[in-house]
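Undergrad: Sharing a structure below in structure tokens format, with a few things to ask.
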Amino acid sequence: MPSNNLPQTQPRVLIVGGGGFIGGHIVAQALERGFDTWVAVRATTSRRRLGDPRLHFVVLDYDSPESMRKSLAEALPEGERWDWVIYNLGATKCLNFTDFNRINYIYLRDFVEALEAAGRTPERFLYMSSLSALGPGDEKGYEPLTDLTIPSPNTRYGVSKIKAETFLESRPELNWTIFRPTGVYGPCEQDYLMMIKSIDSHVDFGVGMRRQMLTFIYVTDLVNAMFDALATDTTIKRKYIISEDRAYSQKEFRRMVAKALGVKWVLPLKLPMWMAYAASVVAEKIGLLRGKPSTLNRDKYKIMKQRNWNCDVTRACQDFGFRVEYPLERGVDLTVKAYKDAKKGGSK
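For the sequence shown, position 11 (counting from the first letter as 1) is numbered 10 according to numbering that gives the first Met the number 0, and the numbering increases by one without interruption.
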């Protein structure tokens, strides 16, 4: 059994990147568990979802390592530190591909070095990486990706994540744990919301003619796994794939969403790869002209092109008792319910 690594009192936890979809759920779960909860934010970060009076804030300038060191040093009394740090900051789409390296790798490197220089090295450090850090898996026999799969990322996003992981491995004094989640979904998540809206309009777009197996993790299951992993020393200096322990076809996903929406028929449209690539290039150029990163781009095309997202989560189950409480059908029902409630509210 994993040994318990909880502090004598409730942990003081610092959440880096708490203003977004996943981050908001991490913050809410930390408060629900009664933790002394701190959130690292930029001066410009919206605090719309961070209004709980129990929260403490550290304002950081990620482009200035010295400013970060000073802010971290001044946040707590001399000799004190955060028990746990959850580093959830990152970019999944960028206007310029070089920004992946800056945001996903350099910001992490500078933050960790500032944390150490300020004398605030935590007892535990959990880094949110991505399944994309591993790159394409077996697309012939569809063998699952495992925690021992040798990384071979084929996207700028995936490369930035593996660089961040490699940096953490170079810090001997840091008790890191790395999560590589598959596609994370739930209420308020935007990418899967686009798919739900499409199915609600009776159309389901897919790419490629070859079989594609998809994996998912509901945001609550991911966040519960974070705190479970931090509470045991078995997970120190280990990496884990976080996913539901089975894969689904696009047809199965479409059926579940349509059922939850009450949609009687959906027209499945599959774009050939060359057409999907052309659309990605055009969308990327439009994003550049508008000055806003496009969800569809050449980097995302490579992710869509990947056929095998099967995952083996045995190690997470063994090391910290990982389990899924929200299999896809249940998670889709909750996500669609939130979408329908928002849709009704917007029509009032």
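All C-beta atoms in this analysis are idealised placements derived from N, C-alpha and C, irrespective of residue type, glycine included.
1) Going by DSSP, what residues sit across from L40 in a beta bridge?
2) Around the C-beta of S346, are 16 or more other C-beta atoms found within 10 angstroms, so that it is buried, or is it exposed?
3) For D146 versus R314, is the C-beta distance shorter than 9 Å?
4) Suppose you measure from the CA of F178 to the CA of A275; what does that come to, to the nearest Å?
5) Three-state secondary structure (DSSP) at S346?
6) Rounded to the nearest angstrom, how far is the Cβ of G134 from that of G157, given a contact under 8 Å?
7) Three or more beta-carbon pairs under 8 Å between the region 263 to 281 and the region 201 to 208, yes or no?
8) Excluding sequence positions up to five away, which residues of its chain have a Cβ less than 6 Å from the Cβ of S159?
9) Give the single residue among H201, R209, F215 and Q211 whose Cα lies nearest to the Cα of E188.
10) Would you kindly check if the distance between the Cβ of I85 and the Cβ of I149 is under 9 Å?
11) Touching or not, the region 10 to 28 and the region 219 to 230, by the rule of three or more beta carbon pairs under 8 Å?
12) If you count every other CB in all the chains shown that lies within 10 Å of the CB of T165, and 16 or more means buried, which is it?
13) Just to confirm, is the Cβ distance from L130 to I240 under 9 Å?
14) In the DSSP assignment, the alpha helix (DSSP H) including Y184 goes from what residue to what residue?
15) Would you check if there are 3 or more beta carbon pairs closer than 8 Å linking the region 37 to 47 to the region 60 to 80?
16) Could you pull the DSSP bridge partners for W264 from this structure?
17) Can you look up C187 in the DSSP assignment and give me helix, strand or coil?
18) For M212, tell me which candidate among P186, T219, W175 and E251 has the shortest Cα-Cα distance.
19) Quick one: is E79 buried, meaning 16 or more other Cβ sit within 10 Å of its Cβ, or exposed?
20) Alpha carbon to alpha carbon, what distance is there between R47 and T233?
21) Taking the alpha-carbon of V57 as reference, which of L114, R32, I235 and E168 has the nearest alpha-carbon?
22) Indicate the three-state DSSP secondary structure (helix, strand or coil) for W81 in the structure shown.
23) So, does the region 114 to 125 touch the region 281 to 301, judging by three or more C-beta pairs under 8 Å?
24) Who does C310 pair with in a DSSP beta bridge?
25) Any idea if P52 is buried or exposed, counting beta-carbon neighbours within 10 angstroms, 16 or more meaning buried?
26) Measuring alpha carbon to alpha carbon, tell me which of R11, D60, I302 and F20 ends up nearest Y404.
27) Tell whether a beta-carbon distance below 9 Å holds between T97 and I302.
28) Might you give, ordered along the chain, the residues of its own chain that have their beta carbon closer than 6 Å to the beta carbon of R61, omitting 5 neighbours on each side?
29) What three-state label does DSSP hand Q244 in the structure shown?
30) Is W175 helix, strand or coil by DSSP?
TA: The structure says:
1) It is worth fixing the name first, because residue 40 is Val in this sequence and not Leu. Answer is V58.
2) A caution first: S346 carries a pLDDT of 48, below 50, which makes its placement in the model too unreliable to give a value.
3) yes
4) 30 Å
5) Its pLDDT being 48, under 50, S346 is placed unreliably in this model, and the value from its coordinates should be taken loosely. Here S346 sits in coil by DSSP.
6) 6 Å
7) yes
8) F99, N100, N103 and Y104
9) F215
10) no
11) yes
12) exposed
13) yes
14) Careful: Y184 lies outside any alpha helix (DSSP H), inside the beta strand (DSSP E) at G182 to Y184.
15) yes
16) Paired residue(s): none; W264 is not in a bridge.
17) coil
18) E251
19) exposed
20) 36 Å
21) L114
22) coil
23) no
24) L144
25) exposed
26) Nothing can be reported for residue 404: it is not among the residues displayed for the chain, which extend from 0 to 347.
27) no
28) According to the sequence as given, residue 61 is Tyr; it is not Arg. Y106.
29) Note that residue 244 is Asp in the sequence shown, not Gln. In this structure, D244 counts as coil in the three-state DSSP scheme.
30) strand
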